[in-house]
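To start, the structure under review is shown below, and the notes come after it.
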Ligand SMILES: C[S@@+](CC[C@H](N)C(=O)[O-])C[C@H]1O[C@@H](n2cnc3c(N)ncnc32)[C@H](O)[C@@H]1O
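Numbering (this note's numbering), first residue to last: 50 to 461.
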């Protein structure tokens, strides 16, 4: 049963590139027990997180496979190499699954390949050190090289290993409605988080299916991401701009920190994403936000206003969230640097929209220093009246949360 659900989620990813977290959350229904949900989650994430290594191993036994067969075989190899399940049970269940979804011929093929593969250990000898590290942790070689150059070998190994952990289900307590202490007393499946003072971890599956979520007491947000609004920490009653806001996790956090006072203008490029922000505003009982759809790279030309505080949490390469979105590491490397000029343009707009004496935070969920430290260094060089007050990088292994960069600046 678990294998079949995991198979359907992974097949949709391999065939259509569907988002893992969305299909997974849909598949985890309230009637499933916690054990079952955890197992499905582990198989889905584990298989995709380790896909390069598993495919490397699979190629030793089969040259060409259909995507449906590949999906079943990768699950089998993942369970064999990474989970504590007897080989006969893995083969039995996957052969039955193959019979059900593909028929008897595929089932006997799966049976033969798995029995054969299970006799063999993974052997990476003969490859260079970087190639071995890349394969062992299933990251593309170019990414291993980028991380090693920017963070050194020891940090890189810890980051790559953290990318293969099953992400925690984290949420933020909506302090407009309830305190964290009260929420923990109300629902025993919630526990205190590892990092954020508003953070909770949930053990019962999809947070969006909880009563607390529906009533706006909690929202889904990684704990590192929760540190961003706290870093900006806007004053009550102030005028705030959030330039790239959808789906509104940080905007609604800013509103909570401001106790629904003052005013926040939030922008996003896409109309359908503005709707997501509006849904969150409504669910979380926020009353001080106005949403807009516009391109924030030209805001300074259209807005006749300056703000006390600005959040720029713009588009980025996402290299901090590879545990949660393992699909990103299999993207083409060229996408990474294309985004840098766009971020610089957004920063320029932020500069002109910030009052003298105002503060702003630039944040990303990437670990690529060219989008982070270097981007800010260039920005400060262009605008010497901007002063860095605090710069922080959270690495994914430190708190079992997303990798994030955030920088608090002030305009003199
Ligand atoms: C990292 S996400 C923002 C996450 C959001 N701050 C939150 O915490 O929920 C970046 C957002 O920037 C938006 N975006 C990208 N280019 C933009 C542009 N030129 N102007 C405005 N928004 C843009 C994307 O649509 C995306 O929703």
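The C-beta atom is built at its ideal place from N, Cα and C for all residues, glycine as well.
For secondary structure counted as the alpha helix (DSSP H) over 4 or more consecutive residues, the stretch 68-110 holds these complete runs in sequence order: 69-76, 83-98, 100-107. Taking the CA atoms as reference points, residue 93 sits about 44 Å from residue 287. For residue 298, the uninterrupted alpha helix (DSSP H) segment begins and ends at 298-306. DSSP, read as helix, strand or coil, puts residue 319 in coil.
Beta bridge pairing from DSSP links residue 460 with 435. Per DSSP, residue 292 has no beta-bridge partner at all. If you ignore the 5 residues before and after residue 164, its C-beta comes within less than 7 Å of the C-beta of 140, all in its own chain and listed in chain order. Measuring C-alpha to C-alpha distances from residue 316 to each of 332, 328, 340 identifies 340 as the nearest. Look at residue 430 here: in three-state DSSP terms it is helix. As the crow flies, the alpha-carbon of residue 331 is around 13 Å from that of residue 300. Residues 52, 121, 124, 125, 159, 163 of the same chain have their beta carbon placed closer than 7 Å to that of residue 143, with the five preceding and five following residues left out of the count.
For the 7 Å CB-CB criterion, residue 313 and residue 289 form a contact.
In this structure the stretch 74-82 touches the stretch 254-267; the number of beta carbon pairs closer than 8 Å is three or more. Judged by their CB atoms, residue 275 and residue 247 are nearer to each other than the 7 Å cut-off. A residue is called buried once 16 or more other Cβ atoms fall within 10 Å of its Cβ, and residue 240, having fewer, is exposed. Within its own chain, the residues whose Cβ lies closer than 7 Å to the Cβ of residue 349, once the five positions on either side in sequence are excluded, are 398, 401, 402, listed in chain order. When the alpha-carbon of residue 437 is set against those of 292, 451, 407, the nearest one is in 407. Comparing C-alpha distances from residue 161 to each of 130, 111, 71, 105 shows the shortest one belongs to 111. Relative to the Cα of residue 310, the nearest Cα in the group 336, 292, 326, 319 belongs to 336. Setting aside the 5 residues that flank it on each side, residue 242 is surrounded in the same chain by 219, 248, 249, 250, 272, each with a C-beta closer than 7 Å to its C-beta; the list follows chain order. Shown here, residue 154 sits in a helix according to DSSP, grouped into three states. Residue range 190-211 is occupied by the alpha helix (DSSP H) that includes residue 201.
Judged by DSSP in its simplified three-state form, residue 269 adopts strand.
Where residue 447 is concerned, there is no enclosing beta strand (DSSP E), although the alpha helix (DSSP H) around it starts and stops at 445-448. The C-alpha of residue 89 lies about 31 Å from the C-alpha of residue 385. Residue state for residue 276 is assigned as helix, using DSSP reduced to three classes. Taking residue 233 as the centre and dropping the five residues before and after it, the same chain places the C-beta of 239 closer than 6 Å to its C-beta, in chain order. At a Cβ-Cβ threshold of 7 Å, residue 100 and residue 187 count as neighbours. Here residue 240 carries a strand assignment [DSSP, helix/strand/coil]. Taking one beta carbon from each stretch, the stretch 351-362 and the stretch 52-70 have fewer than 3 pairs nearer than 8 Å; the two do not touch. For residue 371, the secondary structure class from DSSP, reduced to helix, strand or coil, is coil.
Note on geometry: alpha-carbon atoms of residue 210 and residue 370 lie some 13 Å from one another.
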